[in-house]
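>
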Amino acid sequence: MEKTSLNETSFAMNMNSSNKQETVCVFGTGDFGRSLGNKMFQCGYSVVFGSRNPELSGLHPKGIEVLSHAEAAKKSDLIIIAIHREHYDFLTQFAEELQGKILVDISNNLKINQYPKSNAEYLAQLVPGAKIVKAFNTISAWALQSGTLDASRQVFVCGDDKESKQRVMDIGRALGLAPVDQGSLMAAKEIENYPLQLFPMWKFPLYLSAILSIFYFVYCVVREIIYPYVHEGRDSTFFLAISIPNRIFPGLALNLLALVYLPGIIAAILQLYRGTKYSRFPNWLDHWMLCRKQLGLVALAFAFLHVMYTLVIPIRHYVRWKFNSRVIEQIKTNKTEHFNPTSFWLRDSYLALGILGFFLFVLLGITSLPSVSNMVNWREFRFVQSKLGYLTLILCTAHTLVFGGKRFLSPSILRWYLPSVYVLTLIIPCTVLVLKFILVMPCFDQPLTKIRQGWERNSKKAQFGNGNTEV
Amino acid sequence: MEKTSLNETSFAMNMNSSNKQETVCVFGTGDFGRSLGNKMFQCGYSVVFGSRNPELSGLHPKGIEVLSHAEAAKKSDLIIIAIHREHYDFLTQFAEELQGKILVDISNNLKINQYPKSNAEYLAQLVPGAKIVKAFNTISAWALQSGTLDASRQVFVCGDDKESKQRVMDIGRALGLAPVDQGSLMAAKEIENYPLQLFPMWKFPLYLSAILSIFYFVYCVVREIIYPYVHEGRDSTFFLAISIPNRIFPGLALNLLALVYLPGIIAAILQLYRGTKYSRFPNWLDHWMLCRKQLGLVALAFAFLHVMYTLVIPIRHYVRWKFNSRVIEQIKTNKTEHFNPTSFWLRDSYLALGILGFFLFVLLGITSLPSVSNMVNWREFRFVQSKLGYLTLILCTAHTLVFGGKRFLSPSILRWYLPSVYVLTLIIPCTVLVLKFILVMPCFDQPLTKIRQGWERNSKKAQFGNGNTEV
Amino acid sequence: MEKTSLNETSFAMNMNSSNKQETVCVFGTGDFGRSLGNKMFQCGYSVVFGSRNPELSGLHPKGIEVLSHAEAAKKSDLIIIAIHREHYDFLTQFAEELQGKILVDISNNLKINQYPKSNAEYLAQLVPGAKIVKAFNTISAWALQSGTLDASRQVFVCGDDKESKQRVMDIGRALGLAPVDQGSLMAAKEIENYPLQLFPMWKFPLYLSAILSIFYFVYCVVREIIYPYVHEGRDSTFFLAISIPNRIFPGLALNLLALVYLPGIIAAILQLYRGTKYSRFPNWLDHWMLCRKQLGLVALAFAFLHVMYTLVIPIRHYVRWKFNSRVIEQIKTNKTEHFNPTSFWLRDSYLALGILGFFLFVLLGITSLPSVSNMVNWREFRFVQSKLGYLTLILCTAHTLVFGGKRFLSPSILRWYLPSVYVLTLIIPCTVLVLKFILVMPCFDQPLTKIRQGWERNSKKAQFGNGNTEV
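These protein sequence lines map, in sequence, to chains A, B and C.
If you're matching positions, the first sequence starts at 1 in my numbering and goes up one per residue.
If you're matching positions, the second sequence starts at 1001 in my numbering and goes up one per residue.
If you're matching positions, the third sequence starts at 2001 in my numbering and goes up one per residue.
1. DSSP has A:Lys-134 in a bridge; who is on the other side?
2. I need the DSSP call for A:Asp-77, collapsed to helix, strand or coil.
3. Cutting at 8 Å between CB atoms, please list the residues of its own chain near C:Val-2376, excluding the five before and the five after it.
4. Quick one: Cα of B:Arg-1457 to Cα of B:Leu-1272, how far?
5. Could you check if C:Trp-2455 is buried or exposed, using at least 16 other CB atoms within 10 Å of its CB as the buried criterion?
6. Measuring only from the beta carbon, is B:Thr-1336 closer than 7 Å to any heavy atom that is part of the ligand GTP?
7. Run the CB neighbour count on B:Thr-1085, radius 10 Å, all protein chains shown included, and call it buried at 16 or more, exposed below.
8. Along the chain, where does the alpha helix (DSSP H) that runs through C:Val-2421 open and close?
9. Just to confirm, is the Cβ distance from C:Leu-2290 to C:Met-2201 under 8 Å?
10. List, in chain order, every chain A residue whose beta-carbon is nearer than 8 Å to that of B:Leu-1369.
11. Taking the alpha carbon of C:Asn-2113 as the point to measure from, which residue in C:Phe-2304, C:Tyr-2194, C:Lys-2131, C:Cys-2443 has its own alpha carbon closest?
12. Contact criterion: CB-CB distance below 8 Å. Does A:Asn-38 meet it with respect to chain B?
13. Find the nearest neighbour of A:Ser-35 within the set A:Arg-280, A:Phe-136, A:Glu-96, judged by alpha-carbon distance.
14. Using a Cβ-Cβ distance under 8 Å, would B:Ala-1303 count as near chain A?
15. Based on DSSP bridge pairs, tell me the residues matched to C:Pro-2179.
16. If you measure from the beta carbon of C:Ser-2386 to each beta carbon in chain B, is any gap under 8 Å?
17. Using DSSP's beta-bridge definition, name the partner residues of A:Gly-50.
18. What does a CB cutoff of less than 7 Å around C:Pro-2447 pick up in its chain, not counting 5 residues either side in sequence?
19. I want to verify the contact list: residues of chain A whose CB lies under 9 Å from the CB of B:Gln-1166, in sequence order.
20. Among the residues of its own chain, which have a CB less than 8 Å from the CB of B:Lys-1111, if the five just before and after it don't count?
21. Are B:Thr-1400 and B:Leu-1426 touching if we call contact CB-CB under 8 Å?
22. Contact defined as beta carbons within less than 8 Å: I believe A:Tyr-318 pairs with B:Ile-1355. What is the distance between those atoms, to the nearest angstrom?
23. Which residues in chain A sit within 8 Å of C:Gly-2063, going by Cβ to Cβ distance?
24. So, do the region 2221-2234 of chain C and the region 2157-2173 of chain C have three or more beta carbon pairs nearer to each other than 8 Å?
25. According to the neighbour-count rule (16 or more other Cβ atoms, all chains shown, within 10 Å of its Cβ), is A:Phe-464 buried or exposed?
26. Tell me which residue opens and which closes the alpha helix (DSSP H) that A:Ser-213 is part of.
27. With a 10 Å radius around its C-beta and 16 neighbouring C-beta atoms as the bar for buried, classify B:Phe-1437 as buried or exposed.
28. For A:Gly-365, collect the residues of the same chain with a Cβ closer than 7 Å to its Cβ; drop the 5 residues on either side in sequence, then sort them by chain order.
29. Return the chain-ordered ranges of every alpha helix (DSSP H) run that is complete within the region 214-266 of chain A and spans a minimum of 4 residues.
30. In the region 2315-2390 of chain C, which residue ranges form an unbroken beta strand (DSSP E) of at least 3 residues, counting only runs that do not cross its ends?
31. C:Lys-2165 to C:Ala-2188, Cα distance in whole Å?
32. Quick one: is C:Ile-2451 buried, meaning 16 or more other Cβ sit within 10 Å of its Cβ, or exposed?
33. Closer than 8 Å between beta carbons: that is the criterion. Which residues of the region 1309-1331 of chain B meet it against chain C?
34. Under the DSSP definition of a beta bridge, which residues are partnered with C:Arg-2452?
35. Measuring only between beta-carbons, confirm whether A:Gly-354 sits less than 8 Å from chain B.
36. Going along the chain, which residues of its own chain have a beta-carbon closer than 7 Å to the beta-carbon of B:Pro-1054, five neighbours each way excluded?
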């Protein structure tokens, strides 16, 4: 925060600084072109705009020239192309002026994969004599104007000419941005798609939890609202606000957490079956493994909601009414509840398991923050995400099991033959834990460890036994 | 954390490393000069101190020479000036020795803008033949000595000579610091002010919330403590500990959150009115927009306090006493409260709205962490901060409205004609939401979108209609 | 997250890119060697493997050659040695081919300090004509294969030849990693130990809290479970789940927080006594000071657990039973509890102090996140960690004192002469606060400030009085 403000002002102060009077040309006086040009000017560059109607533009700060395209192109060997892709073809008329110059493609499209060829590659094809660099498309005009670079300062840069890339990256750094080299111009498509993405890795976890939510919701409505209404004529619709969400959320949290660890188990089984780790996994498994972090964070969000919904229980009117009614009932019938250590034990350990599980869950969430996970080495990362992760899963499963407690097997809890929803939510985590338990047994763990160190069941190499001499 | 410890020890191990036996000279054997010199020595540099009384200094590690200023200056072309600004004039006598050398100004002042000219520029004026670089003033002597670089490792560097800057930045990197180029020597003033700042962007949010707190506090004291005392003689002073803060905090959280979104609305109205986005906003609006993040985080802090104060309600003695009294009352009068689904609905949905609002609020807070916001692109950042932000505001406002529920319009709630404090706190958020609702209607939204893409109502350029060909 | 996926795909797209057709040789076709080779190949490098049985390896992507060691070595001047240290001696036979080449040691050991000499230095000794660079040992094969660089992307690099290091760091950057220069080859041992570390800075805080926990646990079991059983025959074992942890956790949180500030006080006393800040502290004090952050975070974890355990109190069966019994008792005996503002005050202010203390505690935790602390300057960092830290300690101590309230001195609370556990937990924080209070008095604060600015009681330098002219 302070840094931003520092950059801001110091840039302004550098306006007339003399040591980097490099001239940059900008083709196009649209919004982004202007923002970028003005920013470069503020940072000490000499800026020339190329425009179709140079005499009409009166909005530039003093010191910025606006010329015709041809004239502007002569002033600099680095030209920023701030023009929509649809109009790139007009550049062909300046083929001569652009010969050997660095053209910076900053364009974005409106849709992902809008054109078969990326804008930058299309530009390279139109102006074959120029060195094309893709850059700056990830930054917004507003961010350049206001100086509040709160979102990513990363500028992805790619191009086939190393030196041109270097020049563009230097400009990026001078503007207070963080250029990242992405390789050759073939990466341009990826870079052009990047700013159009909206949390691509979060889609699978979010859709999955939406589907699970809807299923659990319908199940709960049938069991907790329709059943009592049919059988007792009781209006329980107010359960929709807190009681039913508080059955869905813990179930989702537990299931999603288990689904974080399931792909690892499937991968282990596949590796054991195939006897090698060098065959590719099926695509769905690969994708699943890559979004485990997001799955885990969505699970944490549901766990957080479950905790909040549970903690407000005692301030709900319904709960107060229910307990007061019970007390009044006890007094009227003169039957007092007895000191019952077993029930206290069950309830207290259920709560304690839940709290400890949630605590570890939060710890996992914190260590997945980029700045924290960047501080730990791989051994520590694996320790936290695997050991502590499984411990969290065990605690949360135990929390649910103890919650069920004696009621688990009792038929009185069935309504229309439907068990409580927590019974359903236990299926996946228990499966995962049982499979994991089997896999850590030496008869499976030892071959798996060997396979993961590079050993292959059907490899000639292994027969020669030199697998161990190499890292 | 581990990284720090790694740097530490490996630096120590490099002490006798031979590959960067570059010599650096330090003028002045004060605390910071010594810390910096010793650190450079540990990192493999050859270090020479220049002192007025070279024979008196016996505290340097073996291998560091202490000479007179003139002699020391001859040993290196890079001299760190570890002397207070007040004594800079004594350097004029060495003008000849310092000719062409790199002088690194590391000084700080005691107050922001203490002198009209920055220390580094003053130095440049005193020793015109030298190349001045400002650096290292943001690092503390203690951090250099102990190696615990927990706070910022950033070293802001500025200077008019590019190569000298590069030399100094290389030293910074070798010391495990993160040098950031800030441009020409004109940035020195800003860099000298930086370490003296104390959360400058937080001042407005904190002062604003202090003023609002005091107003709400007095209001609540009158209504909840003085009124019952005057009318019923009841001692409610214990409300000061929890009940009254728990009316102030949610109000502050809601108001500050609304104030995060108000400047955006004012800006939109201004842009619509002016028909262009290229006129500057008034300064107060600019400043307000730049500290929206801080406003939002202060609001989140109050929301967190509100949540905690609410969750402890059932373990307050007063609350237990009140509810127990009610039960006893009911039994004595033999009037039992009836099953009342409407009241359960109201209370439960009020709680659910609050929890969901707080959940989104926390999400907004997490995405504003620097390392998280650095991972998202602009589209994602805007989605979270604008869409999710408004959803949070809507949920929190609804939470307050449902809290009021039926009591809202009831005159019985007035005390000395004063409504409950939550009624006051609704004014700003409801205004913001109504204005936003008006602005998203197509008749306002379409021209606004055009303006934000660079269109101008009174521009010749727009008349030629080429605004759309350029980015 | 998105960044990772971007890198991934763009790397794949660069596979045939032509602009960095630099050839890299890898000795050894073990798992890590292969992963690294394939990754480099994907990133546009031409890769040649050197193997003992080149004809047997059929697993490499098309385009990667596998040759004999001698032949492979001829293809490139940069050779990655992906062989276990135990087999390094076989390299001596290629001394001629390796003459003048860059050898990259990527090996790790199984134990910290397994060999007296680091692997890289051992390699340098075996092949004296080569330039050895240590790198890549901190990255896991799995991370290279899957592209999920969630944990640290940092690659620590060291070596005696600057240019070789630069070459290796360029490769690291091309692979999407973050190389960090660690100086000369003497740093290799440290770099080799790094990936074997498991939270070294957390050991002291965790062991300390384990010892304290056990002590408090035994104390509580004696006082709260054995005593009631012996005296009243009551079964209170269910206290083990929540009641007793909720006495241990706040105590630990308070003690560990106090222990964060104790070393600073000891250091101040030592400095005052010695009259200088330039003498080294004893090693235990140094280590203690370096792990204060970890101590504080462990304390925060216990505070979090305490908060959760406290908030679930009203939904414990035992607590409901106890309060219901009391109400029923009151009705039967017809004795109603009276409105008791003093007790309400005590309880409410105890809760309020706890909440405010926890709030500041969380704030301290957030500012210790690497990405947050990197944004603040030293003045701000000290303000938060010292001023706010002491305020937290004061609030939490006051919270415990008010919790005790009147019961504090009452002998009725003693069981077998043992006071409540919270009395014990107050010893350290009260000591720290008293000492701090003494140290901020001017008679101690003034000399201390002078000492910390570099003044020394027994120094000749100080007698000359020029201490103030230098920074």
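Every residue, glycine too, gets a C-beta built ideally from N, C-alpha and C.
Concretely, from the data shown:
1. A:Asp-105, A:Cys-158
2. coil
3. Thr-2367, Val-2384
4. 9 Å
5. buried
6. The ligand GTP is not part of this structure, which contains no ligands at all.
7. With the sequence shown as reference, residue 1085 of chain B is identified as Arg, and Thr is not the correct amino acid for it. Its Cβ being crowded by 16 or more others within 10 Å, B:Arg-1085 is buried.
8. 2421-2425
9. yes
10. Leu-369, Ser-371
11. C:Tyr-2194
12. no
13. A:Phe-136
14. no
15. C:Val-2155
16. no
17. A:Phe-27, A:Leu-67
18. Leu-2272
19. Those within 9 Å of B:Gln-1166 in chain A number zero; the least Cβ separation is about 12 Å.
20. Leu-1196
21. yes
22. Incorrect: roughly 16 Å between the Cβ atoms, too far for contact.
23. Neighbours of C:Gly-2063 on chain A: none; closest Cβ ~16 Å, over 8 Å.
24. no
25. Bear in mind that a pLDDT of 39 at A:Phe-464, under 50, signals an unreliable position, so the model cannot answer this.
26. 203-220
27. exposed
28. Leu-297, Leu-300
29. 227-232
30. none
31. 13 Å
32. buried
33. Tyr-1309, Leu-1311, Val-1312, Pro-1314, Ile-1315, Arg-1316, His-1317, Tyr-1318, Arg-1320, Trp-1321, Asn-1324, Ser-1325, Val-1327, Ile-1328, Ile-1331
34. Beta-bridge pairing links C:Arg-2452 to no other residue.
35. no
36. Val-1066, Leu-1067, Ser-1068
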